[in-house]
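In what follows, a single structure is set out as C-alpha cells and then discussed.
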Amino acid sequence: MRGVMILQSKYVMVGNIRTHYLEAGSGEPLVLLHSGEYGGSAQNSWENNIEELSKHFHVYALDMIGYGYTDKLFSFDDAHALRLNHIRDFLNVMCIEEASFIGNSLGGGMILSVAAQEQPIWPIKKIITISGGGPNNPAGHDILNNYDCTKEYMQKILDILFYDEKWKSGEYLDQRYESSIIPGAWETASAARLKSPVGQEKERVLPNYGNVEVPVLICAGDYDTLKFPDYAEKLNSSLSNSNVKMFEKCSHSAHIEYAEQFNELALEFLLK
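Numbering (my numbering), first residue to last: 364 to 635.
Below, the structure written as C-alpha cells:
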C-alpha cells in the first residue's frame, strides 16, 4: 500500500472538448473506460475500483463524449471514430506514452477494437475487458434502447446490468438516474440508438481480434443476457494471448458486483 488515496475530479480541454476525468495514484498509467448505457459515467462505473487500483497505478477514469460531465457531442458520420479519437487526444494531452486499459461493455469493446488495428492509435500495454467486445445478444438490448428518463425505467436497465438486487434500487439507482438526466446526456445516448426508416443501416463488422498482440483478460458474468452464453470462450479463442474469468451469479458488470474479487484479479494480471 502506498498511502491514502487522493481522488481528484478534474477537467481538461481535449481539442475543443471539455473533458471530465477522475485521477488518483502514481506509477504506470491505467486508463478506465466506462459502459455506454444511459447513466454511464466514470464515477458510476469505477467508484469501487479506483482506490485499490491507484495503490499501484496512476489511474485515469474519464467520462467519454456524451457521458457524465464531458461535453455532449455526437457524430452521425462516425460516432465510434469520434470516441476513439477523443481518447487518443486525451492520452496525448496527458502525455501518456503507454498505458494498460480496463473497459466495461462499450469501453471494453473500444479498447479491443483499437488493439486490433494494424497500427493502434492508443499505446496499449495490457487489456482487461468486462463484458466488452465480440457480438452482442440483440434480444437483451431492447430495454436499453427506449429509456424515458424515469427512475422506474432506469430500474429496468439496472435489472439487465446486475444480478444482485442491491444494485437495482436505493443510492445506486439514484446516482445512475441523476447522471442520465444531465442536460444533453439523454439526447447523446439516444442519437447512438437511432435507426433511419429510409437509410441503409451500416453493417457492424467485428474487429480482426487476431491482430491483438497484447495480453488480454476477459471478465464475464454467467447471467449476462446482453451477451451470448459462449461470448467469453469465443472471444478468447479469437485472441492469441488471453484468459477468461467467469463470475458466477453475475451479469454485465463484474467489477461492480464483485469489486473486491475483481480488484485482486485485475492487479494480479496487471502487475505480473
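For each residue, glycine too, the CB sits at the ideal point set by N, CA and C.
Contact check, residue i vs residue j, beta carbons under 8 Å
| i | j | result |
| --- | --- | --- |
| glutamine 371 | alanine 387 | yes |
| asparagine 599 | isoleucine 581 | yes |
| leucine 507 | glutamine 518 | no |
| isoleucine 380 | isoleucine 450 | no |
| leucine 630 | glutamate 415 | yes |
| asparagine 499 | leucine 569 | no |
Nearest to residue i (by Cα), restricted to the options the options
| i | options | result |
| --- | --- | --- |
| isoleucine 487 | Pro560, Ala502 and Val477 | Val477 |
| serine 543 | Leu445, Glu515 and Ser614 | Glu515 |
| glycine 378 | Arg556, Asp434 and Ile413 | Asp434 |
| glutamate 550 | Cys458, Gly402, Asp522 and Ala444 | Gly402 |
| valine 422 | His443, Ala462, Gly470 and Pro546 | Ala462 |
| valine 577 | Thr588, Asp440, Glu481 and Ile523 | Glu481 |
| glycine 471 | Val579, Asn626 and Phe625 | Val579 |
| phenylalanine 453 | Ser532, Leu395, Phe625 and Ser408 | Leu395 |
| serine 404 | Glu596, Glu623, Ala424 and Asn411 | Ala424 |
| tyrosine 430 | Ile520, Ser408 and Ile413 | Ser408 |
Cβ distance (whole Å) where residue i is taken to contact residue j below 8 Å
| i | j | result |
| --- | --- | --- |
| phenylalanine 420 | glutamate 391 | 6 Å |
| leucine 447 | isoleucine 484 | 7 Å |
| serine 398 | leucine 469 | 5 Å |
Cβ neighbour criterion (16 or more within 10 Å) applied to residue i
| i | result |
| --- | --- |
| valine 456 | exposed |
| methionine 376 | exposed |
| glycine 366 | For glycine 366, the predicted model reports a pLDDT of 47, less than 50, meaning its position is unreliable and no value from the coordinates is stated. |
| glutamate 620 | buried |
| serine 642 | Since the first and last residues shown for the chain are 364 and 635, residue 642 lies out of range. |
| threonine 382 | buried |
| asparagine 571 | exposed |
beta-carbon residue i near the ligand SAM non-hydrogen atom, thresh 7 Å
| i | result |
| --- | --- |
| glycine 547 | With respect to the ligand SAM, the structure shown offers nothing to examine, as it has no ligands at all. |
| request: State whether the region 604-613 contacts the region 583-593, with contact taken as three or more CB pairs (one from each stretch) at a distance under 8 Å. | output: Yes: the two stretches touch, three or more of their Cβ pairs being nearer than 8 Å.
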